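Residue numbers (the working numbering): 1 to 160. Where a beta carbon is used, it is the ideal one built from N, C-alpha and C, also for glycine. Every value quoted in this text rests on a predicted model; they were computed, and no experiment measured them. These notes concern the structure reproduced below.
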């Protein structure tokens, strides 16, 4: 068994499931990041964060926008997936704490959506992106660069 940030071997159905999860989470994150960047602008987002009592609202707005927009794109292609998953979970923890913790249902301003998005991020952090990803292409199964992974597996008599 590999560490939290290692890439674990998966079967075909798991790979498809991880792809579906990555794409769904990535699309939602991109939409929210784009809304902050283009729809409101970083200044207005920071002003809104300040009104909500979020500390360092300018930095928080840049972090949330970056994680959502850039992280969403990285999730779509399956790059740096465990790291992005943790960053998404942290982003959603902040959204829960400062905005959504007083109700459950999203239509009441509650935390159900941020809980699911954060949980999806943590699930991807724990499992990795699967074989249908740039993480797999670049890092290979062992977390080492693909050329090193292939060489060590051949030397050990292990086939992919």
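Item                                                                                                                                                   : Value
Determine the closest residue to residue 99 out of 50, 42, 75 and 37, with distance taken between C-alpha atoms.                                       : 50
With the cut-off set at 8 Å, would you say residue 88 and residue 48 are in Cβ contact?                                                                : no
Quick one: is residue 82 buried, meaning 16 or more other Cβ sit within 10 Å of its Cβ, or exposed?                                                    : buried
Any chance the region 99-108 sits against the region 68-87, with 3 or more Cβ pairs inside 8 Å?                                                        : no
Using the Cα positions of residue 65 and residue 11, report the straight-line distance between them to the nearest angstrom.                           : 34 Å
Could you pull the start and end residues of the alpha helix (DSSP H) that residue 49 belongs to?                                                      : 42-51
Would you tell me roughly how many angstroms separate the C-alpha atoms of residue 133 and residue 79, rounded to the nearest one?                     : 7 Å
Does residue 96 come out as helix, strand or coil in the three-state DSSP assignment?                                                                  : helix
Taking residue 116 as the reference, give the member of 16, 46, 57 and 90 with the closest Cα.                                                         : 90
Check this for me: beta carbons of residue 61 and residue 42, under 8 Å apart or not?                                                                  : yes
Would you check if the distance between the CB atom of residue 119 and the CB atom of residue 112 is smaller than 8 Å?                                 : no
If I measure Cβ to Cβ from residue 19 and keep anything under 7 Å in the same chain, skipping five residues before and after, which residues do I get? : 130 and 132
Applying the 10 Å Cβ sphere with the 16-neighbour rule, what's the burial state of residue 85?                                                         : buried
Quick check: what's the CA-CA separation for residue 14 versus residue 52?                                                                             : 40 Å
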